[in-house]
Amino acid sequence: MQICKVKNYQELSRKAANLIAAQITLKPDSVLGLATGSSPIGTYDRLVEMYQDGDLDFSQITTVNLDEYKGLPGSHEQSYRYFMNTHLFHRVNISYDNTHVPDGTETDSEKCCQAYNELIHRVGPADIQLLGLGHDGHIGFNEPSDHFEDETHCVDLTETTIQANKRFFASEEDVPRQAYTMGIGTIMRCHKLLVLVSGKDKAAILKQVIQGPVTPEVPGSILQFHPDCTIIADEAALSEMDL
């Protein structure tokens, strides 16, 4: 596990975009594992700028996203498909057919998860997987548990996650209570992991992830075992560690 300390969110976004751009340049048909949330927005903006400047070509890229809310169609403004279309896919020359997000409209959880697992087996594992970190240590929507899930599964969102996400919805009642997410095993099989962590509110959990015991009660702690994991964190997020 490598820790890259940066000054602020802007520098974090630049560093992350440069690493992803290097992957695309070295392997134009890369499989990119992508994430949603506030952490990667700056990274996506920077990648779009590089594309607009003629420095990046997404035409051969395939993407697989970590997760999606169960019950939300891709047209819903808070769905993760909508997020990815808005922040990246519709702004670069990627083939839409090569962008993949779990189907939030599929009510049969087993069917949805099996289909996404088969897709990942066919195109993956990702050459580089982008990750954020939840306040309770979740990666993707892999919430604290008594075990590590291997592949795509339907998860009941914790109260911590619901509270963190309610700001995006009209009311707390509108926040979905379930989501489809890649499993920990799928994430750990990716060739490279790139974790973005910003803000003092993530400092305590980041310390647990990096220095605490590996436990499914802190899902992100499993990253200690990945052979090629880089955490890019700003000074605020690392404020509880002596780095």
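Under my numbering, the first residue of the sequence shown is numbered 133, with each subsequent residue one higher.
C-beta: ideal position from N, C-alpha, C; glycine also.
Computed from a predicted model, the values in this text were never measured in an experiment.
Please name the residue in the options whose C-alpha comes closest to that of residue i.
i      : options                           : result
Pro359 : Ala369, Ile260, Glu372 and Arg178 : Ile260
Gly174 : Met216, Ala296, Arg321 and Asp306 : Met216
Gly203 : Ile271, Leu355, Gly269 and Val287 : Val287
Tyr141 : Gly344, Ser330, Gly352 and Phe357 : Ser330
Leu370 : His253, Ile337, Phe357 and Gln356 : Ile337
Ala153 : Ser171, Gly169, Glu181 and Val138 : Glu181
Arg146 : Pro172, Leu251 and Thr195         : Pro172
Phe280 : Asp189, Ala149, Ile319 and Thr157 : Ile319
Val307 : Met373, Lys324, Asp282 and Leu289 : Leu289
Gln343 : Pro351, Met373, Asp333 and Asp185 : Met373
Leu265 : Ser162, Asp278, Lys332 and Thr157 : Lys332
Ile354 : Gly317, Val138, Leu375 and Lys334 : Gly317
Pro160 : Ala149, Asp185, Leu166 and Phe190 : Phe190
Glu200 : Val255, Gln155, Pro257 and His232 : His232
Asn249 : Asn197, Glu291, Arg178 and Cys136 : Asn197
What three-state label does DSSP hand residue i in the structure shown?
i      : result
Ile193 : coil
Gly272 : coil
Cys322 : coil
Glu200 : strand
Val329 : strand
Thr293 : helix
Gln310 : strand
Ile226 : coil
Lys298 : helix
Ala365 : strand
Val350 : strand
Leu338 : helix
Met216 : helix
Glu304 : helix
Output needed for residue i: all residues of its chain with C-beta closer than 6 Å, excluding positions within five of it in sequence on either side, in chain order.
i      : result
Cys245 : Thr284 and His285
Phe300 : Gln210
If you drop the 5 nearest sequence neighbours on each side, which residues of the same chain put their C-beta closer than 8 Å to that of residue i?
i      : result
Gln134 : Cys361, Thr362 and Ile363
Val138 : Leu144, Lys147, Ile364, Ala365, Asp366 and Glu367
Leu325 : Ile260, Gln261, Leu263, Ile319, Leu355, His358, Asp360, Cys361 and Thr362
Exercise for the section: Specify whether the region 261-278 and the region 206-215 touch according to this definition: at least 3 beta carbon pairs, one from each stretch, less than 8 Å apart. Expected result: In this structure the region 261-278 does not lie against the region 206-215, because fewer than three pairs of beta carbons, one per stretch, are closer than 8 Å.
Practice task
List in chain order: all unbroken beta strand (DSSP E) runs of 3+ residues lying wholly within the region 230-290.
Solution key: Unbroken beta strand (DSSP E) runs of no fewer than 3 residues, entirely contained in the region 230-290, are found at 260-263 and 285-288, following chain order.
Exercise for the section: Flag this pair as touching only if the region 216-226 and the region 307-325 have three or more C-beta atom pairs under 8 Å; answer yes or no. Expected result: Here the region 216-226 makes no contact with the region 307-325; the two share fewer than three CB pairs at distances below 8 Å.
Exercise for the section: Determine contact between the region 291-308 and the region 348-356, defined as no fewer than three beta-carbon pairs at a distance below 8 Å. Expected result: No: fewer than three Cβ pairs fall under 8 Å.
Problem - Complete runs of the beta strand (DSSP E) confined to the region 135-184 [at least 3 residues] - result: Runs of the beta strand (DSSP E) spanning 3 or more residues and lying entirely within the region 135-184 occur at 163-166, in chain order.
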